[in-house]
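Enquirer: The numbering of the first sequence is the numbering used here, which starts it at 10 and goes up by one. Idealized CB from N, CA, C, for every residue including glycine. Being a predicted model, the structure only gives us computed values, none of them experimental. Could you have a look at this structure, given as structure tokens, before my questions?
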Amino acid sequence: MTTHDKLMEIYQLLFDKFGPQHWWPGDTTIEIITGAILTQNTSWTNVEKAIKKLKETNTLSTEKLYQLETPQLALLIKSAGYYNIKANRLKNFINWLYENYDGDLSNLESLDTDSFRTELLSIKGTGRETADSILLYAYDRPIFVIDAYTARITVRHELVEPGADYEQLRDFFEYNLPQDVKLYNEFHALLVRLGNEFCKPKPKCSECPLEKLPHKLEIEYH
DNA sequence: GACCAGGCACATC
DNA sequence: GATGTGCATGGT
Numbered sequence: 010m011t012t013h014d015k016l017m018e019i020y021q022l023l024f025d026k027f028g029p030q031h032w033w034p035g036d037t038t039i040e041i042i043t044g045a046i047l048t049q050n051t052s053w054t055n056v057e058k059a060i061k062k063l064k065e066t067n068t069l070s071t072e073k074l075y076q077l078e079t080p081q082l083a084l085l086i087k088s089a090g091y092y093n094i095k096a097n098r099l100k101n102f103i104n105w106l107y108e109n110y111d112g113d114l115s116n117l118e119s120l121d122t123d124s125f126r127t128e129l130l131s132i133k134g135t136g137r138e139t140a141d142s143i144l145l146y147a148y149d150r151p152i153f154v155i156d157a158y159t160a161r162i163t164v165r166h167e168l169v170e171p172g173a174d175y176e177q178l179r180d181f182f183e184y185n186l187p188q189d190v191k192l193y194n195e196f197h198a199l200l201v202r203l204g205n206e207f208c209k210p211k212p213k214c215s216e217c218p219l220e221k222l223p224h225k226l227e228i229e230y231h
């Protein structure tokens, strides 16, 4: 059995169990980007409250976010946690957009994926997962997003070595799967769903849809 | 009350 | 390059 087959078996089990996840859970490009920054090390339910607040106050647009003072923005996104840092990070992105791309998110569409990723990573507060989430979920680029759940699941199932870093994990998925935006989108969303419900630090393997696949529990991702 | 959550930058060695 | 720390709310 090839690694590709193992990954597709996992994908099929997850899809059969959970069905389509309809990611990213947001309508507009700026909503996806905002969500990607706000969800850093934070549960989505907390982010939802912050997004709701931004919508209620009509501030979830590039123009309004650009006009808002950082302390005002921090208050609006309070429920997402780390709100001072995240207000700065969101402003960093918006300021970068205005300084380099005329404040227009559609001007980013013409970038090739490699330069796009490099540029995103140059913004303070936009790390690899945030950049890759924006590339895949806001701009349909074939980048496989890695997060703590994805790392934990693949390590526990002994698909990668413990201690594999972000780029090694991303290479692993992209090398062993076809370059398919729809697949990357759904697969990562399903892995997060699995992580949320079963593959916790203290796992619930007896109810897990991957229960019958080989796995170990003592391995943890860092 | 402890533990966890869809990271990231920065300091220090 | 590897490791440790601050950042903070809200659900279980």
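Just the C-alpha distance for LYS87 and VAL154, rounded to the nearest angstrom, thanks.
Expert: The sequence position of residue 87 within the first sequence is 78, counting from 1. The sequence position of residue 154 within the first sequence is 145, counting from 1. So the alpha carbons of these two residues sit roughly 26 Å apart.
Enquirer: Looking at the structure shown, is ALA173 part of a helix, part of a strand, or coil, going by DSSP?
Expert: Taking the first sequence and counting its residues from 1, the one referred to as residue 173 is at position 164. ALA173 falls in the coil class under three-state DSSP.
Enquirer: Report the residue from ILE132, GLN76, PRO29 and ASP14 whose alpha carbon sits nearest the alpha carbon of ILE46.
Expert: What you label residue 46 is simply residue 37 of the first sequence in a count that begins at 1. With distances taken between Cα atoms, ILE46 lies closest to ILE132.
Enquirer: Counting Cβ pairs, one atom from each stretch, are 3 or more of them under 8 Å apart for the stretch 192 to 207 and the stretch 15 to 33?
Expert: yes
Enquirer: Answer with buried or exposed for LYS221, where buried requires no fewer than 16 other C-beta atoms within 10 angstroms of its C-beta.
Expert: Taking the first sequence and counting its residues from 1, the one referred to as residue 221 is at position 212. The residue in question, LYS221, is exposed, as its Cβ has fewer than 16 Cβ neighbours within 10 Å.
Enquirer: Should the stretch 99 to 109 be called in touch with the stretch 72 to 85, which here means at least 3 C-beta pairs below 8 Å?
Expert: yes
Enquirer: Take ILE39 as the anchor and find which of TYR92, LEU63, GLN30 and PRO218 has the nearest alpha-carbon.
Expert: The count along the first sequence starts at 1 and reaches residue 39 at position 30. Of the residues TYR92, LEU63, GLN30 and PRO218, the one whose Cα lies closest to the Cα of ILE39 is LEU63.
Enquirer: Return the chain-ordered list of same chain residues with a C-beta closer than 6 Å to the C-beta of LEU106, the five sequence neighbours on each side being excluded.
Expert: Translated into positions along the first sequence, residue 106 becomes position 97. Only GLY112 meet the Cβ criterion.
Enquirer: Figure out for me which residue from ARG165, THR122 and GLY136 has the closest Cα to the Cα of CYS214.
Expert: The residue labelled residue 214 in the question sits at position 205 within the first sequence. When only C-alpha atoms are compared, the closest one is ARG165.
Enquirer: Measuring alpha carbon to alpha carbon, tell me which residue in ASP189, ARG161 and PRO187 is nearest LEU178.
Expert: To locate residue 178, count along the first sequence from 1; it is residue 169. The shortest Cα separation from LEU178 among ASP189, ARG161 and PRO187 belongs to ARG161.
Enquirer: By Cβ distance below 6 Å, which residues in the same chain neighbour GLN188 in space, the five residues on each side in sequence not counted?
Expert: Here the question's residue 188 lines up with position 179 in the first sequence. The beta carbon of GLN188 lies closer than 6 Å to those of PRO151 in the same chain, with the five residues before and after it left out.
Enquirer: At which residues does the alpha helix (DSSP H) containing ARG150 begin and terminate?
Expert: Within the first sequence, numbered from 1, the residue matching residue 150 stands at position 141. Taken as a continuous stretch (DSSP letters only), ARG150 belongs to no alpha helix (DSSP H), as it is neither H nor E.
Enquirer: As a quick exercise: from TYR148, GLY204 and PHE207, pick the residue whose alpha carbon is nearest that of LEU120.
Expert: Mapped onto the first sequence, residue 120 falls at position 111. Of the listed residues, the one whose Cα sits closest to LEU120 is TYR148.
Enquirer: What is the rounded straight-line gap between the Cα of MET10 and the Cα of LEU16?
Expert: In the first sequence, the residue the question calls residue 10 occupies position 1. In the first sequence, the residue the question calls residue 16 occupies position 7. Between MET10 and LEU16, the C-alpha separation is close to 10 Å.
Enquirer: Using the three-state DSSP reduction, which class does LYS209 fall into: helix, strand or coil?
Expert: The residue labelled residue 209 in the question sits at position 200 within the first sequence. Coil at LYS209, not helix or strand.
Enquirer: Report yes if the CB atom of THR68 is closer than 8 Å to the CB atom of VAL56, and no otherwise.
Expert: Numbered from 1 along the first sequence, position 59 holds the residue referred to as residue 68. Numbered from 1 along the first sequence, position 47 holds the residue referred to as residue 56. Cβ distance not < 8 Å, so THR68 and VAL56 don't count as in contact.
Enquirer: In the DSSP assignment, find the unbroken alpha helix (DSSP H) run with GLN21 in it and report its ends.
Expert: By one-based count along the first sequence, residue 21 stands at place 12. Boundaries of the alpha helix (DSSP H) harbouring GLN21: 12 to 27, taken from the DSSP string.
Enquirer: Sort TYR92, LEU219 and LYS191 by Cα distance to ASN50 and report the nearest one.
Expert: In the first sequence, residue 50 corresponds to position 41, counting from 1. When only C-alpha atoms are compared, the closest one is TYR92.
Enquirer: Distance, Cα to Cα, LYS26 vs ALA173?
Expert: Along the first sequence, read from residue 1 onward, the residue named residue 26 stands at position 17. Along the first sequence, read from residue 1 onward, the residue named residue 173 stands at position 164. So the alpha carbons of these two residues sit roughly 28 Å apart.
Enquirer: Considering only the alpha carbon of each residue, which of PRO212, CYS217 and LEU219 lies closest to LEU226?
Expert: What you label residue 226 is simply residue 217 of the first sequence in a count that begins at 1. The candidate whose alpha carbon is nearest that of LEU226 is PRO212.
Enquirer: Which residue from LEU85, ASN205, GLY134 and LEU129 puts its Cα closest to that of LEU145?
Expert: Here residue 145 corresponds to residue number 136 of the first sequence, with the count starting at 1. Here the closest residue by C-alpha is LEU129.
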